[in-house]
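Structure first, then comments.
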Amino acid sequence: MEYILSFLHQHIDLIYIVILSIFLGVEVISRVPSVLHTPLMSGANAIHGVVIIGAIIVMGKAEADNYLALIIGFLAVILGTINVVGGFVVTDRMLEMFKGKKK
Amino acid sequence: MGSSILSIIYLVGSVTFILGLKMLSKPDTARKGNLVAAAGMTLAILGTIFLYKVDDVPLHNYGWIFTGLLIGGVIGVLSAKKVKMTAMPEMVSMFNGMGGACAALISIVEFNHLVASGATTGGMVAIILLSLVIGAISCAGSIIAWGKLAGKIKDFSFNGQHILNLGVLVVIIGLFVWLVLGVGATATSLVVFYIVLALALFYGILFVLPIGGADMPVVISLLNSFTGVAAACGGFLYNNPVMLTGGILVGSAGTILTILMCKAMNRSLKNVLIGSFGGAAAAAAGGSKDQGNYKEISLNDAAVVMAYANKVIIVPGYGLAVAQAQHACHELEKQLGERGVEVKYAIHPVAGRMPGHMNVLLAEADVPYEKLLEMEDANTEFPTTDVVLVLGANDVVNPAAKNDPASPIYGMPILEVEQAKVVIVNKRSMKPGYAGIENDLFFQPKTSMLFGDAKKVLQELLAAIKEV
Numbered sequence: 518m519e520y521i522l523s524f525l526h527q528h529i530d531l532i533y534i535v536i537l538s539i540f541l542g543v544e545v546i547s548r549v550p551s552v553l554h555t556p557l558m559s560g561a562n563a564i565h566g567v568v569i570i571g572a573i574i575v576m577g578k579a580e581a582d583n584y585l586a587l588i589i590g591f592l593a594v595i596l597g598t599i600n601v602v603g604g605f606v607v608t609d610r611m612l613e614m615f616k617g618k619k620k
Numbered sequence: 004m005g006s007s008i009l010s011i012i013y014l015v016g017s018v019t020f021i022l023g024l025k026m027l028s029k030p031d032t033a034r035k036g037n038l039v040a041a042a043g044m045t046l047a048i049l050g051t052i053f054l055y056k057v058d059d060v061p062l063h064n065y066g067w068i069f070t071g072l073l074i075g076g077v078i079g080v081l082s083a084k085k086v087k088m089t090a091m092p093e094m095v096s097m098f099n100g101m102g103g104a105c106a107a108l109i110s111i112v113e114f115n116h117l118v119a120s121g122a123t124t125g126g127m128v129a130i131i132l133l134s135l136v137i138g139a140i141s142c143a144g145s146i147i148a149w150g151k152l153a154g155k156i157k158d159f160s161f162n163g164q165h166i167l168n169l170g171v172l173v174v175i176i177g178l179f180v181w182l183v184l185g186v187g188a189t190a191t192s193l194v195v196f197y198i199v200l201a202l203a204l205f206y207g208i209l210f211v212l213p214i215g216g217a218d219m220p221v222v223i224s225l226l227n228s229f230t231g232v233a234a235a236c237g238g239f240l241y242n243n244p245v246m247l248t249g250g251i252l253v254g255s256a257g258t259i260l261t262i263l264m265c266k267a268m269n270r271s272l273k274n275v276l277i278g279s280f281g282g283a284a285a286a287a288a289g290g291s292k293d294q295g296n297y298k299e300i301s302l303n304d305a306a307v308v309m310a311y312a313n314k315v316i317i318v319p320g321y322g323l324a325v326a327q328a329q330h331a332c333h334e335l336e337k338q339l340g341e342r343g344v345e346v347k348y349a350i351h352p353v354a355g356r357m358p359g360h361m362n363v364l365l366a367e368a369d370v371p372y373e374k375l376l377e378m379e380d381a382n383t384e385f386p387t388t389d390v391v392l393v394l395g396a397n398d399v400v401n402p403a404a405k406n407d408p409a410s411p412i413y414g415m416p417i418l419e420v421e422q423a424k425v426v427i428v429n430k431r432s433m434k435p436g437y438a439g440i441e442n443d444l445f446f447q448p449k450t451s452m453l454f455g456d457a458k459k460v461l462q463e464l465l466a467a468i469k470e471v
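Protein sequences, first through last, are from chains A and B. Per the numbering used here, the very first residue in the first sequence carries number 518; after that it's consecutive. Per the numbering used here, the very first residue in the second sequence carries number 4; after that it's consecutive.
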């Protein structure tokens, strides 16, 4: 019990961010037309690719003889990059077509 | 100096994610919003590589990192550029699975790290495990969802599946609590850790397998928000605000989006996840196949009916997407328009494999935006419509959703095409639609069937109309 409390205390600023972000996420997209559901989902999909930063940190602090961290970290960097890059490119391709019809 | 610049970069990154999502939810700014978020992401990634410090030591292994970024970048761009518009949904699902896998892999390294350093703090163990479990479920689930949309994996369910699912989940939670409160990170708990990983992957598969293909968009959106939460766990792990904001934003926005998608189908999330299509429901519907006869219409007859109509409404569905018939469809619409026929499109919110799927396709073929009717508007226009041409749509025009409480799609709002004077349905065959249920519409007296590939049929129809 004590360490749960101290854990919360140590990370209290992060917990503030979490709570505010939850409400923000709900507010930001609460009135989206159904046409945009797919691109929005795809865009959000690219944004959670931010997990790549964790993979980079794992990779970057791994000691030269820590093969587990190196190999798994390397794999994680590749997968995370695919998520980010592929996600943004696919979203752009979808939205490109929406733009075309405006002209 | 470096670290203060990095914290500013993370702040900018977080703001671009918020702005990006906000802009993505409006048609005018959507594309720019995507670019804004992408720019913020690039900044955050580069900042991390060059400025991040662990105990005042900068990151190393640059060779590995950049090779990984390069390989991932090339694969990402190529697959995103090459994928056909019809296969877009499964591509998004695949990318989502990659993100989930990434989160799970990070957890594996960090847990081993924790075991090696002998540091056992319950909070950290909990965060690592949470990221592992959610990431693994999201990864396995996304791959199954991808397989289903690509037609590689069939719906699969058996008696007592829900109980098994629940059982696996309970075991995962039990081991989770035991690891966090009991043993912490030791060599023995490493074994338990991998068992949890295996169970989470297994649960991801079990969770998605019984859900019908028509509900996959909802599932992908849900798994998308899962991965967001997994990414946010990384934010706790590394005390990294940009991972936290990015992850949680996607987690909460994704959850709301999932609920909005369910609403578009007039169903609850619980209904989608538990009362899934397929299984018993599909078997029951499959039994009532003797619904009488349908009648076919020849191309020339269809051409005449349409050419002399006052108002024609086209209802596109997945068949149009598969046949890549959007351009042929636009040609037909223009030709009819030149003859003075009023032509419009009725877009069901979940026509195709994803919400907005049809809008994207028709926009690609330069169909003017004003010609697309949303479901409510279309339903008020059907009674004054002479001909409705259904192009490879099935479940979204199935009257059973209105009339038959036993039908698995009962309660889903549909396009009430049977209100029009004549209905022409183009399909490849009499096979039931994606939800696996028969459609009474095809057997009604005012309905005629026009079999064949949508693109080929439309081209022939166009030629026939020109000759009328």
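Don't be surprised by glycine CBs; every beta carbon is placed ideally from N, CA and C.
- Distance from residue 232 (chain B) to residue 249 (chain B) at the Cβ level is roughly 11 Å; contact not present, criterion being Cβ atoms closer than 8 Å.
- Within chain A, the residues placing a beta-carbon under 8 Å from that of residue 24 (chain B) are 542, 545, 546, 557, 560, 561, 564, ordered along the chain.
- Annotation: residue 410 (chain B) to residue 401 (chain B) spans about 10 Å, alpha carbon to alpha carbon.
- Inter-residue distance for residue 77 (chain B) and residue 83 (chain B) is about 10 Å (C-alpha atoms, whole angstroms).
- The continuous stretches of alpha helix (DSSP H) do not include residue 88 (chain B), and DSSP gives it neither H nor E.
- Around residue 412 (chain B), the same chain offers 398, 401, 403, 404, 438, 440 as residues with beta carbons nearer than 7 Å, after the five sequence neighbours per side are excluded.
- Between residue 358 (chain B) and residue 551 (chain A), the CB-CB gap stays under 8 Å.
- In terms of beta-carbon proximity, residue 33 (chain B) lines the interface with chain A, with at least one pair separated by less than 8 Å.
- Three or more Cβ pairs closer than 8 Å define a contact, and the region 60-77 of chain B falls short of that threshold against the region 260-278 of chain B.
- Distance check between residue 89 (chain B) and each of B:324, B:428, B:265, B:426 places B:324 closest, using alpha-carbon atoms only.
- A Cβ-Cβ distance of about 17 Å is found for the pair residue 376 (chain B) and residue 329 (chain B), leaving them out of contact under the 8 Å criterion.
- Rounded to whole angstroms, the separation of the alpha carbons of residue 257 (chain B) and residue 561 (chain A) is 7 Å.
- Under a 10 Å Cβ-count criterion, residue 296 (chain B) is classified as exposed, with fewer than 16 other Cβ atoms of the shown protein chains found around its own Cβ.
- Non-local C-beta neighbours of residue 342 (chain B) in its own chain, meaning closer than 7 Å and more than five positions away in sequence, comprise 310, ordered along the chain.
- In this structure, residue 547 (chain A) lies near residue 259 (chain B), with their beta-carbon atoms less than 8 Å apart.
- Per the Cβ contact rule, the region 103-113 of chain B is in contact with the region 578-590 of chain A (3 or more Cβ pairs under 8 Å).
- Excluding the 5 residues flanking it on each side, residue 211 (chain B) has same chain C-beta neighbours closer than 7 Å at 144, 147, 148, 222, in chain order.
- Here the region 343-353 of chain B lies against the region 366-386 of chain B, with 3 or more beta-carbon pairs under 8 Å apart.
- Note on residue 555 (chain A): 16 or more other CB atoms within 10 angstroms of its CB, so buried under the neighbour-count rule.
- Taking a 10 Å sphere around the C-beta of residue 608 (chain A), we find 16 or more other C-beta atoms and assign the residue as buried.
- DSSP, reduced to helix, strand and coil, places residue 419 (chain B) outside both helices and strands of the structure shown, so it counts as coil.
- In the same chain as residue 171 (chain B), and ignoring 5 residues on each side of it, the C-beta atoms closer than 8 Å to its own belong to 202, 205, 206, 209, in chain order.
- Counting only residues of its own chain and dropping the five nearest sequence neighbours on each side, residue 462 (chain B) has a CB closer than 6 Å to the CB of 331.
- Contact note: residue 252 (chain B) reaches chain A through 538, 539, 541, 542, 545, 561, 564, 565, using a C-beta cutoff of 9 Å and chain order.
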